[in-house]
Amino acid sequence: MDISGPRGTHDILPDEIKIWHKMEQVLRKTAEIYGYSEIRTPIFEYTELFERGVGGTTDIVQKEMYTFEDKAGRSLTLRPEGTASCARAFIQHRMYNQPQPTKMYYIGPMFRYDRPQSGRYRQFHQFGVEVFGTRSPAVDAEVITLMVDIVKRLGLRRYELHLNTVGCGNCRPHYRQTLTEFLRPLQADLCRDCQSRVDSNPLRVLDCKEKRCREILAGFPSILDSICEECREHFERVKSVLDLYGVQYILDERLVRGLDYYTNTAFELLVPGLGAQNAVGGGGRYDNLVAQVGGPDTVGIGFAMGMERLLLALEENQVELVDGEGVEVYVAFNSPELEPLANIALNELRSADIKAERDYGDRSLRAQMKQANRSQAVVTVLIGENEAKSGTYSLRDMDTGEQFEIEQNALIAEIKKILMK
Ligand code: AMP
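Numbered continuously in our numbering, the sequence shown closes out at residue 422.
Set out below in structure tokens:
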């Protein structure tokens with residue numbers, strides 16, 4: 002039997018988990034500051050939801066879904082992204098009957114059958130936000146600012162925010178037509194995927210990562226020449242709020258969302274130095290999505306960020322997320338008879354929210370002191386026969402090397418004094 006995990010999956014081991022907790026803490030806190038509440042949806046849905054909500058012509062739906070039949074013959078799919086599920090929940094629970102907008106965030110695993118490589122997994126984690134029920138350009142700017150704020154709070158300084166508009170149902174068909182006319186004579190020279198995209202989804206040709214396609218496309222027609230007055234106005238207002246917030250962006254006309262329910266604002270956050278998988282997050286406005294998956298006409302906007310990519314970006318930029326790795330107090334005892342006393346101290350410390358540890362390997366007192374040093378303990382509680390007899394503990398301040406005896410019932414108060422120094 003193969004005892005490795007499935008290809009494209011990864012374990013998050015106990016010594017890595019702290020950095021995940023810390024990142025999750027920043028994500029949740031930032032979302033909450035901006036007024037978003039968490040939603041938890043199932044990790045599988047009816048396949049049809051993603052076919053409609055992600056789009057039948059996307060790579061996700063065409064190639065990357067983990068789809069299976071349950072025992073009753075229903076087609077289910079492990080969620081490849083979070084937006085469709087949020088839209089489904091919004092409709093199912095009639096959230097549109099509440100005062101709008103509805104602002105939510107999610108965090109959890111996603112599944113895509115793609116070729117694994119650095120920064121690309123088959124099970125990965127996303128944090129994302131969705132806002133339903135307002136067309137205000139200020140909300141586009143809020144969502145974008147939230148995404149940028151997250152990378153700043155995580156300590157990343159090098160990133161690029163790319164921004165574009167993809168127009169609306171009125172003006173995009175005109176652009177699509179213009180673009181198709183431009184692409185048609187070049188079609189045979191494009192990569193295989195793009196050759197078919199020219200007919201199925203020509204806007205997606207613009208964001209193809211193949212070098213050949215990027216070169217051939219030089220001089221492509223700009224969407225800004227095709228959008229209607231309303232879309233232009235919306236885009237200008239989004240930019241002016243971002244300017245007000247001091248959020249810097251790069252206008253990028255290659256940035257597109259190919260599906261009909263995407264409208265207006267599109268954005269992506271890139272971190273240089275991550276190689277081919279340099280997109281840390283992306284999002285956009287989807288004013289026709291809720292209707293597309295069967296709900297009442299409701300506008301929306303959102304983004305998703307890849308958590309493994311965020312961690313890679315932090316690593317690449319030598320940003321340390323976790324401080325205070327070690328324990329605060331180490332409890333050392335001289336012989337097995339003293340173990341109950343050590344356990345009482347340990348329990349007392351932990352009940353007082355003090356991070357405490359002990360030895361479980363019957364090591365000598367000397368070896369335990371070494372272990373205390375290695376675990377970066379600030380104080381060590383020493384329990385020997387003398388202390389047991391006199392109802393005391395010895396405390397050693399690991400910083401100064403100073404050692405003194407205290408009454409057992411003064412343990413927490415004395416430890417806190419040292420910890421707060
Ligand atoms: P998307 O839902 O495709 O817009 O992706 C949003 C973000 O999720 C991307 O910018 C990546 O950071 C991350 N992401 C997407 N696919 C994967 C994957 N297969 N493995 C790891 N991260 C991914």
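Even glycine gets a Cβ: it sits at the ideal position worked out from N, Cα and C.
Treat the numbers as computed from the prediction; the structure is a model and nothing was measured.
- In its own chain, which residues sit with a C-beta less than 8 angstroms from the C-beta of residue 65, not counting the 5 before and 5 after it? Here residue 65 corresponds to residue number 64 of the sequence shown, with the count starting at 1. The answer, listed in chain order, is 81, 113, 114, 115.
- Item | Nonlocal neighbours in the same chain, by C-beta distance under 7 angstroms from residue 407, ignoring five residues either side | The sequence position of residue 407 within the sequence shown is 406, counting from 1. Apart from sequence neighbours up to five positions away, the residues of its chain that approach residue 407 with a beta-carbon distance below 7 angstroms are 393, 394, 396, 415, ordered along the chain.
- Message: Just to confirm my understanding: we take residue 253, look at its own chain, exclude 5 residues before and 5 after, and list those with CB closer than 6 angstroms. What are they?
- Response: As a first step, residue 253 is located in the sequence shown; it is residue number 252 there, counting from the start. Counting only Cβ-Cβ distances below 6 angstroms, and skipping sequence neighbours, we find 163, 165.
- Task: If I'm right that residue 347 touches residue 332 with Cβ under 8 angstroms, what's the distance once you round it to whole angstroms?
- Result: Residue mapping note: residue 347 aligns to position 346 of the sequence shown, counting from 1. Residue mapping note: residue 332 aligns to position 331 of the sequence shown, counting from 1. A Cβ-Cβ separation of about 5 angstroms places residue 347 in contact with residue 332 under the 8 angstroms criterion.
- Task: Give the range of the beta strand (DSSP E) segment to which residue 407 is assigned.
- Result: Taking the first residue of the sequence shown as position 1, residue 407 is located at position 406. Note, residue 407: beta strand (DSSP E), 404-408.
- Query: With respect to 8 angstroms, is the separation between the Cβ of residue 66 and the closest non-hydrogen atom of the ligand AMP below this value?
  - Reply: For this step, residue 66 is matched to residue 65 along the sequence shown. Flag unset: Cβ of residue 66 not near the ligand AMP.
- Message: So for residue 352, helix, strand or coil by DSSP?
- Response: Here the question's residue 352 lines up with position 351 in the sequence shown. DSSP places residue 352 in the helix class (H, G or I) of the three-state scheme.
- Query: If you count every other CB in all the chains shown that lies within 10 Å of the CB of residue 8, and 16 or more means buried, which is it?
  - Reply: Position 7 of the sequence shown, counted from the start, is the residue given in the question as residue 8. Under this definition residue 8 is an exposed residue.
- Under 9 angstroms, do residue 281 and residue 272 count as touching if we go by C-beta distance? Taking the sequence shown and counting its residues from 1, the one referred to as residue 281 is at position 280. Taking the sequence shown and counting its residues from 1, the one referred to as residue 272 is at position 271. Yes. Within cutoff.
- Message: Helix, strand or coil for residue 158? Go by DSSP, reduced to three states.
- Response: Along the sequence shown, one-based indexing puts residue 158 at 157. Coil.
- Determine the direct distance from the alpha carbon of residue 217 to that of residue 17, and round the result to whole angstroms. Here residue 17 is taken as the residue at index 16 of the sequence shown, counted from 1. Here residue 217 is taken as the residue at index 216 of the sequence shown, counted from 1. Approximately 44 angstroms, taken between the alpha carbons.
- Message: Could you compute how far the alpha carbon of residue 150 sits from the alpha carbon of residue 36?
- Response: The residue labelled residue 150 in the question sits at position 149 within the sequence shown. The residue labelled residue 36 in the question sits at position 35 within the sequence shown. Distance between the alpha carbons of residue 150 and residue 36: 14 angstroms.
- Query: Between the Cα of residue 148 and the Cα atoms of 51, 109, 188, 30, which residue gives the shortest distance?
  - Reply: Position 147 of the sequence shown holds residue 148. Nearest in C-alpha terms to residue 148, of all of 51, 109, 188, 30, is 30.
- Query: Is the distance from the Cβ of residue 32 to the Cβ of residue 130 below 9 angstroms?
  - Reply: Residue mapping note: residue 32 aligns to position 31 of the sequence shown, counting from 1. Residue mapping note: residue 130 aligns to position 129 of the sequence shown, counting from 1. Going by C-beta atoms, residue 32 is nearer than 9 angstroms to residue 130.
- Query: CB-CB under 6 angstroms to residue 126, same chain, minus the five flanking residues each way: which ones, in chain order?
  - Reply: The residue labelled residue 126 in the question sits at position 125 within the sequence shown. The residues are 110, 308.
- Item | Euclidean distance between Cα positions of residue 185 and residue 318 | Against the sequence shown, residue 185 aligns to sequence position 184. Against the sequence shown, residue 318 aligns to sequence position 317. Looking at the two C-alpha atoms, the distance is approximately 42 angstroms.
- Buried versus exposed call for residue 24 [16 or more other C-beta atoms within 10 Å across all chains shown]: Position 23 of the sequence shown, counted from the first residue, corresponds to residue 24. Sixteen is the threshold: when 16 or more other Cβ atoms of the shown chains lie within 10 Å of the Cβ of residue 24, as they do, the residue is buried.
- Helix, strand or coil: which one does DSSP assign to residue 308? The sequence position of residue 308 within the sequence shown is 307, counting from 1. In this structure, residue 308 counts as helix in the three-state DSSP scheme.
- Query: Looking at the unbroken beta strand (DSSP E) that takes in residue 384, where does it start and where does it end?
  - Reply: The residue you call residue 384 lines up with position 383 of the sequence shown. Residue 384 -> beta strand (DSSP E) spans 380-384.
- Within its chain, find whatever has a CB closer than 7 angstroms to the CB of residue 343; leave out the 5 residues flanking it on each side and keep chain order. Taking the sequence shown and counting its residues from 1, one reaches residue 343 at position 342. Cβ neighbours of residue 343 within its own chain (closer than 7 angstroms, five residues either side excluded): 332, 334, 359, 384.
- Task: Buried or exposed for residue 2, please, with buried defined as at least 16 other CB atoms from any protein chain shown within 10 angstroms of its CB.
- Result: Counting from 1 along the sequence shown, the entry for residue 2 is found at position 1. Taking all protein chains in view, the Cβ of residue 2 is surrounded by fewer than 16 other Cβ atoms within 10 Å, so the residue is classified as exposed.
- Query: Taking contact to mean at least 3 C-beta pairs separated by less than 8 angstroms, is the segment 36-52 in contact with the segment 152-160?
  - Reply: Segments in contact, no.
- Query: Taking the alpha-carbon positions, what's the residue 51 to residue 85 distance?
  - Reply: For the purposes of this step, residue 51 is identified with residue 50 of the sequence shown, where counting begins at 1. For the purposes of this step, residue 85 is identified with residue 84 of the sequence shown, where counting begins at 1. C-alpha separation (whole angstroms): 6 angstroms.
- Task: Pull up the distance between the alpha-carbon of residue 11 and that of residue 120, whole angstroms please.
- Result: The count along the sequence shown starts at 1 and reaches residue 11 at position 10. The count along the sequence shown starts at 1 and reaches residue 120 at position 119. Pairing residue 11 with residue 120, the inter-Cα distance amounts to about 11 angstroms.
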